[in-house]
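Residue numbers (the working numbering), protein chains in the order written: chain A, 667 to 863; chain B, 667 to 863.
Here a beta-carbon is modelled for each residue, glycine too, at the ideal position from N, C-alpha and C.
One structure is given below, encoded as structure tokens.
2 protein chains.
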Amino acid sequence: MSFASLTLFQSLAPAPLTGLEALESRIIMRSHAAGSMIFAAGDPLTSVQVVRTGLVKLCYVLADGDEWIKSFIPEGQLFTSITAHMGEGGAGFDAVALEPTEIESLPFSVLRELAANDLAWAGMLTELLLAYAARKEARERDFLTLKPEARYRTLRRTNPGLIARITQKDLAAYLGVTPVGLNRIVKRVENDFTSTA
Amino acid sequence: MSFASLTLFQSLAPAPLTGLEALESRIIMRSHAAGSMIFAAGDPLTSVQVVRTGLVKLCYVLADGDEWIKSFIPEGQLFTSITAHMGEGGAGFDAVALEPTEIESLPFSVLRELAANDLAWAGMLTELLLAYAARKEARERDFLTLKPEARYRTLRRTNPGLIARITQKDLAAYLGVTPVGLNRIVKRVENDFTSTA
DNA sequence: ACATCGGCTTAACCCGGGTTAATGCGGCAT
DNA sequence: ATGCCGCATTAACCCGGGTTAAGCCGATGT
């Protein structure tokens with residue numbers, strides 16, 4: 667049986683991975699209804715999660731109740747809280763299912779163990795972190811160099827599929843504007859397209 | 667002789683590193699005058715840089731000439747362009763010395779070679795990337811959840827030393843506001859402190 | 001000593017997005 | 001079928017930071 671996480675790891679490794687059975691036996695599958703919380707900020711988190719089907723949002727919830735979305739995780743992608751694995755205690759954010767979602771969960775310690783003893787696994791981990799760092803860097807760049815409207819236009823161009831799957835409210839929280847603000851932007855952009863066409 | 671990069675790597679490795687001589691022999695030292703460019707966006711970049719003394723800024727320069735600062739690299743820190751090592755071609759940003767700066771440069775291929783054949787080096791690379799990812803994540807979070815004034819207040823609290831070393835113009839480019847905008851913020855914050863005191 | 005240049009400061013005006021609030025709509029539960 | 005709740009939409013007003021422009025100051029070069 668081919669779990670999503672196994673093929674994901676294989677695809678990243680510089681050489682064939684051994685010990686997949688050891689990992690496979692530690693995988694736990696879980697289902698989450700749309701809207702349900704997978705883990706909350708502060709929860710102790712010892713595992714890595716792979717989304718098999720569905721969609722997850724990772725979000726910071728501020729003291730005043732404001733919610734800002736760090737990222738969306740669609741099927742086939744992995745997520746975890748980095749700081750939780752650096753001795754900082756719990757997760758740094760909430761994870762919430764946006765659709766009926768199936769998740770594979772496996773202990774981070776297993777992965778760390780494999781990487782500490784096997785060069786192919788260590789190489790896989792490096793690739794994983796490189797890709798993650800590149801994504802975070804791209805997002806930092808967007809926040810630094812683009813205004814809200816340009817951020818929306820960019821996302822609309824590069825990832826229309828995501829926009830179609832989520833609410834405007836969540837999209838606003840991801841882009842760093844309020845729902846009302848985003849609605850204005852969307853209207854403006856639509857007008858641009860219909861009038862130009 | 668103990669190069670800065672060697673002690674840096676040692677401090678991150680989960681186990682003692684071997685083959686340090688191989689690396690040491692490939693280190694090139696370079697001096698850069700204040701204001702001089704270390705590399706430009708688009709330049710092919712095959713090396714990793716460690717700042718020994720001085721201060722470097724990494725910045726995106728947009729088509730319209732606007733400059734936004736991705737990060738400041740003080741002595742003892744490492745920097746490189748991640749995307750340049752992922753087959754994307756050149757560096758994604760400029761690197762400019764802000765002070766008289768001495769830099770150790772070493773081929774990334776050497777590091778990759780070591781990591782591909784030695785678990786301790788692979789572990790070091792993992793730690794390095796984890797720390798980097800955590801920093802980028804924290805900055806993303808600041809942009810997402812804080813307004814410009816709050817970003818300035820946070821930096822003022824957590825890293826006053828940096829503020830003292832750079833111009834207000836560069837600080838503005840780092841915080842994502844214009845120089846005029848930052849100047850207003852600084853004045854406001856100073857007033858808060860003197861009137862409360 | 002002088003001119004130059006870049007960064008800092010301040011002022012005036014502009015504008016995009018924040019805030020609040022009202023309305024409408026669609027999905028869901030009972 | 002009905003009531004409810006959360007999201008989308010729209011309007012009115014507010015405000016922080018953007019823009020432009022002017023004056024100032026200190027460092028640098030001649």
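Looking at the DSSP output, residue 726/A bridges to 734/A.
According to the DSSP assignment, residue 824/A belongs to the alpha helix (DSSP H) that extends over 814-824. Remark: C-beta atoms of residue 806/A and residue 806/B approach each other more closely than 8 angstroms. Within the same chain, and ignoring the five residues on either side of residue 697/A in sequence, the residues whose Cβ sits closer than 6 angstroms to its Cβ are 768. Nearest Cα to residue 733/A within the set 819/B, 810/B, 832/B: 810/B. Under the criterion of beta carbons closer than 8 angstroms, residue 704/B and residue 763/B qualify as touching, at roughly 6 angstroms.
In chain order, 736, 737, 759, 761 place their CB closer than 6 angstroms to the CB of residue 724/B, counting only its own chain and leaving out the 5 sequence neighbours on each side. Annotation note: the segment 677-732 of chain B contains the following uninterrupted beta strand (DSSP E) runs of length 3 or greater, listed N- to C-terminal: 694-698, 703-705, 713-719, 721-727.
Residue environment: residue 802/A is assigned as buried (16 or more neighbouring CB atoms within 10 Å of its CB, all protein chains considered). DSSP, read as helix, strand or coil, puts residue 844/A in coil. DSSP places residue 771/B inside the beta strand (DSSP E), whose first and last residues are 767-773.
Closest in C-alpha terms to residue 836/A, from the list 750/A, 765/A, 790/A, 670/A, comes 765/A.
For residue 739/B, DSSP records a beta bridge to 722/B.
A Cβ-Cβ distance of about 18 angstroms is found for the pair residue 799/B and residue 679/B, leaving them out of contact under the 8 angstroms criterion. Contact between the segment 745-755 of chain A and the segment 820-829 of chain B is absent, with fewer than three C-beta pairs closer than 8 angstroms.
In this structure, the alpha-carbon of residue 673/B lies about 41 angstroms from that of residue 694/A.
Scanning chain B for C-beta atoms nearer than 8 angstroms to the C-beta of residue 816/A yields nothing, as the closest lies near 11 angstroms away.
Excluding the 5 residues flanking it on each side, residue 739/A has same chain C-beta neighbours closer than 6 angstroms at 717, 722, 745, in chain order. Rounded to the nearest whole angstrom, the CA to CA distance from residue 815/A to residue 851/A is 6 angstroms. Residue 683/A and residue 741/A have their C-alpha atoms roughly 22 angstroms apart.
Excluding sequence positions up to five before and after residue 708/B, its CB lies within less than 8 angstroms of the CB of 755, 756, 757, all in the same chain and listed in chain order. Against chain A, the CB of residue 756/B has no partner CB under 8 angstroms away; the residue lies outside that interface. For residue 763/A, the beta-bridge partners assigned by DSSP are 722/A.
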